[in-house]
Amino acid sequence: MDIKSKSRKKGSFLSWLCFFLGVSILLTAAGGALFYAVTDLDGTRRTVKSLAENDVQKTREFQGYVSNLTFSALSYLSENTDEFSSQYPGLRGDAANLIVYGKNSKGDRVVSNINDDGKNRKLAEGLAPEGYNYLLSFDGENLKITRDGTVVYDTVDQIDRDGYESFLEPLADRDSAIWQNYPRLDKCRLFIAAAEKPAVLNASAGGLSGVVAEVEQKRLAFYAGICAAALGVILLVVSIALRKRKAEFEKSVARLTGRLWVETKGIATVIFVIFFFLYTAASRGTIGFFILLYLLFWYLMLIVNDIRFNPQFYRHSFFGAARRVYRDYLNQKPFQKRFLARFWQFAAMEVLLFILLLLFAFRAPPAACFPAAAMIALLYFYGRAVKETVSDFGLLLDRIASLKAGTGGPPLRFARESDLAAAAADLDSIESGISRAVEARVKSERMKVDLITNVSHDIKTPLTSIINYIDLLQREENLPGEVRDYVDILARKADRLKRMVQDIFDISKASSGNMELRMEELDLNKLLQQTMADMQENIDASGLTVKTLLPEGPVFIYADGNRLYRVFQNLIKNALQYSLGGSRVFISLQQEDGKALAQVKNTSKYALDNAPDITERFVRGDESRTTEGSGLGLSIAKSFTEACGGTFEIRVDADLFSASVTLPLYVPDTREKTEGNGEALEEPGGSGGTSGNEIPVPDGSSPEETGEERKDDAPPESPGGPDGI
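In this note's numbering, the protein residues as written are 536 to 1260.
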């Protein structure tokens, strides 16, 4: 782990720590305020106000201490108890903060914490000594409190400005228990004076000094709480500013909680909730209750964080893990066995539940609803599983059908637990492999066509120059005979190379669909007869017997006459060149199923080991290449036939070689008068076309020009070169 990664993790933890501390501090402050507000809302408000004003005499602690001191002193003066001195042992040492003076009508009981008679007399007159701004006086009927010369409490006039009523209310009600229990209370007099600025004289001795010390501690705690709340707000703001870093740590926590099974989380939640309600029922309003609320808050935050980053947390469960283990076990078996195993398991469970249903029906009828509900639920889930399997099976069959049709589509994505997930993945792999193979084949063919076209073009330019120079040499009159023979051989070879280059161009155009066609009505019967007539010299020179089986009437088709003439010219020349000596060549034409079928059959003089590839370019039946030919004849025939809308097929049975050309018969009502490039053509018989009785012959393609006579230096050649046999 590099330094940058460690620093990033540390930063994410610190940002989350700011959030945790900030929220915890604010929750603690809010919980403390809520705790005191619940116990005594009015007292809490007064305490906070007095702490903010820094006035001890307004605090609840001071009021409670003075009130308790008043009741204890009056109880002693009314001869109801003798324990006053023992209750307030440090009262005399606290005289600088508080002066107490009281007596009964008999004068036999006196309460005083000073030996100054002057101050006592002044108190008895209702006047506070110098330095004391607080005076409580009780004259046997009325209890009055003045502070800074202002009456803040009076039982007769019902004045209560500082909140003493909650402490001294029994003295204001003459029917209260204190007046009933203290019958001599009206014979007592009591005066209590408090210093304006009481000090901590001896906090350990209690008294007002202890009250002042307690108030001071609460004041410090109050301001500390304010500072802590401010710190909590600052930390919370910092965590909000760094929320992206905080989210990284929360994701780490979620990864840990995500490893727990959902059953574990559920059990922990149930235990926590039960403990929470049991504890709060017994300790509501206590500090422990608020601590439990604090823990509950962070537990809920942990759950929310888990749900936030693990939205499918419910999938990670003990039940799911057991189900996956069982499913993986079944997936090791064939599909048929898995399907049957689930069926028998379903049947066994249904039988078991039915037996339980019968037992409960006789012994505990109300409980019979549970096995019945389980049977229905099991039937529902099993039916849903079967439905999903059938649906997936249908999608798989549709995918196979689309793959067969070549339409394709998006890959199948079945759920992992589907029985057909593996089959869908295998089918997608097969389709992907086929697509890659087809793409590679198309790319290869395109590159082959481009290469042939470019090379042919590069050859054609210098070849034209060679032919021109040969023509100039042939026109020379003073050449020696031997040289003129060489020039004639060069002329024939150059002309053959020129035709080969042109053939390559034609094949490239046909393969790419860019060949221009002159589609018109043709009599295929006359086209065959004219082709054989033009090649009669080649037939006679071959020493072969040509047998024809042609119909008497016309066979009309719609095609390009020049291209079809070239097709049959190549087929006949191919048969003449590669047939076994003295054998027969059969040429037939027939009509069947709305199509015209022309066939050229012969017996090969070579072993046909490469029959499947015989129509490929530059493939020859004579693999030793001892005869003339380029290997383009059958490839041209196949390309031109398909360009005219027909089919070309080669069949080999032992040494019997058969080439079949199938073309649709001409139907005038449905014929489309368009060229290969989509442009409209003229009607047959019009300008630029030929009638059905006139068979076009390509310029320069007569037997004298395309089929060369045998010379002393070379055997006869065909225009496109023999291919097949």
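We put the beta carbon where it would ideally sit given N, CA and C, even for glycine.
Note that the structure is a prediction, hence the values are computed from the model and not measured.
Rounded to whole angstroms, the Cβ separation of Gly1129 and Pro1199 is 7 angstroms, and the two are in contact under 8 angstroms.
In the three-state reduction of the DSSP assignment, Phe1121 falls in the strand class, which pools E and B.
Of the other Cβ atoms in all chains shown, 16 or more fall within 10 Å of the Cβ of Asp954; this residue is therefore buried. Residue state for Ile649 is assigned as coil, using DSSP reduced to three classes. Spanning the alpha carbons of Cys1179 and Thr924 requires a straight line of approximately 49 angstroms.
According to DSSP, residue pairing for Ile727 in a beta bridge involves Val635 and Leu671. Counting the other CB atoms within 10 Å of its CB gives Thr1138 a total of 16 or more, which places it among the buried residues. Note on Ile1185: 16 or more other CB atoms within 10 angstroms of its CB, so buried under the neighbour-count rule. Secondary structure at Asp1069: helix, using DSSP grouped into helix, strand and coil. Judged by beta-carbon spacing, Gly566 lies within the 8 angstroms limit of Tyr829, meaning their Cβ atoms are closer than that value.
Within a 10 Å sphere around the beta-carbon of Ala663 sit 16 or more other beta-carbons, which makes this residue buried. Restricting attention to Ile1107, Arg898, Asp1190 and Val591, the CA atom closest to the CA of Ala1068 is found in Ile1107. Ranked by Cα distance from Ser787, the first of Leu770, Ser1114, Ile1122 and Phe844 is Phe844.
Comparing alpha-carbon positions, the option among Pro906, Gly637 and Pro1015 lying closest to Ile727 turns out to be Gly637. Here Phe1091 is bridged, per DSSP, to Asp1058. Under DSSP, Leu678 takes part in a beta bridge, and its partners are Phe673. With respect to the 8 angstroms criterion, Val635 and Ala608 are classified as neighbours on the basis of their beta carbons. Taking Met836 as reference, the option from Ala1094, Val558 and Val750 with the minimal CA-CA separation is Val558.
Counting along the chain, Asp963 sits inside the alpha helix (DSSP H) bounded by residues Ala956 to Gln1009. Look at Gln867 here: in three-state DSSP terms it is coil, with no helix or strand label. According to the DSSP assignment, Gln715 belongs to the alpha helix (DSSP H) that extends over Ala712 to Asn716. Boundaries of the alpha helix (DSSP H) harbouring Lys786: Arg778 to Gly793, taken from the DSSP string. The continuous stretches of beta strand (DSSP E) do not include Asp927, which lies in the alpha helix (DSSP H) extending over residues Cys904 to Ala940. Beta-bridge analysis with DSSP links Asp697 to no other residue. By the C-beta density criterion, Trp879 is exposed, having fewer than 16 other C-beta atoms within 10 angstroms. Looking only at Val747, Tyr717 and Lys732, the smallest Cα-Cα distance to Phe597 is reached by Val747. Where Arg1186 is concerned, the enclosing beta strand (DSSP E) starts and stops at Thr1182 to Asp1188. Inclusion of Leu671 and Thr594 in the CB contact set at 8 angstroms is not warranted, their separation being larger than that value. Residue state for Phe1192 is assigned as strand, using DSSP reduced to three classes. The straight-line gap separating the alpha-carbon atoms of Gly642 and Tyr667 is approximately 26 angstroms. When rounded, the separation of the alpha-carbon atoms in Ala765 and Phe555 is 15 angstroms. Segment contact: the region 1072-1092 against the region 1033-1047, fewer than three CB-CB distances shorter than 8 angstroms; contact not assigned. Taking C-beta separations shorter than 6 angstroms and ignoring five residues to either side along the sequence, the partners of Phe853 in its chain run Trp796 and Glu798, following chain order. Under the DSSP assignment, Asn1109 falls outside any beta strand (DSSP E), being part of the alpha helix (DSSP H) whose first and last residues are Gly1096 to Tyr1113.
If you draw a straight line from the Cα of Leu1191 to the Cα of Asn1097, it is about 28 angstroms long. Burial is judged here by how many other beta carbons sit within 10 angstroms of a residue's own beta carbon; Lys1136 has at least 16 and is buried.
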